[in-house]
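Chains as they are written, first to last, in the working numbering: chain A, 392 to 492; chain B, 23 to 195.
Each residue gets a CB set at the ideal place from its N, CA and C atoms; glycine is no exception.
Note that the coordinates shown come from a computational prediction; the quantities given were computed from them, not determined experimentally.
See structure below.
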Amino acid sequence: MTVLFESQFFTSYQAEKGRYFIFDFNHKMIKLSFCQLLAFRQKVKEIDLEKHFTGENEHGMEILLLCNREHMFIFNTLEVIDLKQFVKGTFAMLELNSLVY
Amino acid sequence: MKDLVRQKLSIHVEIMDLLNEQIKKEAHSSSIYLAMASWCDHNALDYSAEFFYEQSLEEREHMMKIFRFINDNGGTAYSPEVSTINHEYNSLEEIFETALDQEIKITKSIHNIVFQCRKLQDLTTENFLQWFVHEQMEEEQTIRRALELFDLMGSEGLALKLLDERIPHIRKK
Ligand SMILES: [Fe+2]
Ligand SMILES: [Fe+2]
């Protein structure tokens with residue numbers, strides 16, 4: 392496994408063999424196909440962080456269902472901020488890899 | 023490290039986001055034109071109604087073209103949600119003016135994606151979008167021809183009826 396990106400709470404890897412990615416959420420590791428990776432990216436993009444600060448999201452929690460509802464995650468505000476960075480960083484590394492490949 | 027992303031996806035991921043935004047815009051256009059068709063129908067402007075039904079269908083086709091392009095190239099297209107469609111208009115002229123504004127907005131949006139394609143060197147999508155650049159030019163010309171009719175004929179009383187009958191001819195054959 393090659394490390395793609397490491398944020399404060401999460402780490403992403405690309406598998407050496409096989410066509411998949413691994414996300415390490417500290418307590419849980421999940422395997423994602425490219426298609427699932429895109430879906431994950433979209434879900435994280437859609438999270439409206441502002442709502443965590445205006446009180447619209449009362450409890451400051453986000454529930455994310457991933458990989459056709461196979462996994463469920465609950466993130467707090469700090470984790471969501473980190474998650475957004477994490478996804479950006481992961482895709483930036485993938486893009487960099489495309490450029491040098 | 024092998025390029026897994028490129029193995030799966032032929033277009034740039036950020037361009038994919040913009041294309042998904044464009045899907046929403048085309049769906050929105052389609053719904054706007056449908057509302058306009060309804061207004062025309064209620065005001066006994068049959069030819070204009072027909073024009074906007076047709077226009078609405080075309081916008082949906084544009085949307086589907088982009089939708090399939092994303093999925094065919096390994097991306098994920100998202101089915102759009104459409105909201106806040108205005109159904110209140112004061113006149114047919116206002117409808118055509120609004121339609122032209124809408125087309126100009128879409129043209130700008132398409133051009134913006136082309137510029138981003140150049141920046142990110144996504145030739146595949148840039149080439150795909152050339153059809154839309156051309157289509158937008160024609161769409162603007164069509165609606166402008168309708169507005170010229172208002173300048174020419176006015177829209178009081180019988181003139182409006184006559185103008186309505188000319189609407190089928192504003193499309194380029
Ligand atoms: Fe369109
Ligand atoms: Fe159009």
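Between B/Gln44 and chain A, the shortest Cβ-Cβ separation is not below 8 Å. Between the C-alpha atoms of B/Asn95 and B/Glu36 there is a straight-line separation of about 14 Å. If you draw a straight line from the Cα of B/Arg28 to the Cα of A/Ala483, it is about 14 Å long. For B/Phe118, DSSP records no beta bridge to any residue. In the DSSP assignment, A/Val394 falls within the unbroken beta strand (DSSP E) covering 393-397.
Interface with chain B (8 Å Cβ-Cβ cutoff): A/Asn488 is included. 8 Å or more divides the Cβ of B/Ile117 from the Cβ of B/Met175. Taking all protein chains in view, the Cβ of B/Gly97 is crowded by 16 or more other Cβ atoms within 10 Å, so the residue is classified as buried. Annotation for B/Phe172: Glu115 place their beta carbon closer than 6 Å to its own, counting only its chain and skipping 5 residues before and after. B/Glu81 and B/Glu125 do not touch by the CB rule: their CB atoms are close to 10 Å apart, not below 8 Å.
In the assembly as shown, B/Trp61 is a buried residue. Its beta-carbon has 16 or more other beta-carbons within 10 Å. Taking a C-beta cut-off of 7 Å against chain B, the contacting residues of the segment 464-488 of chain A are Phe482, Leu485, Asn488, listed in chain order. Counting along the chain, the unbroken beta strand (DSSP E) around A/Gln405 starts and ends at 402-405. Contact of B/Lys87 with chain A is not assigned, every C-beta pair being separated by 8 Å or more.
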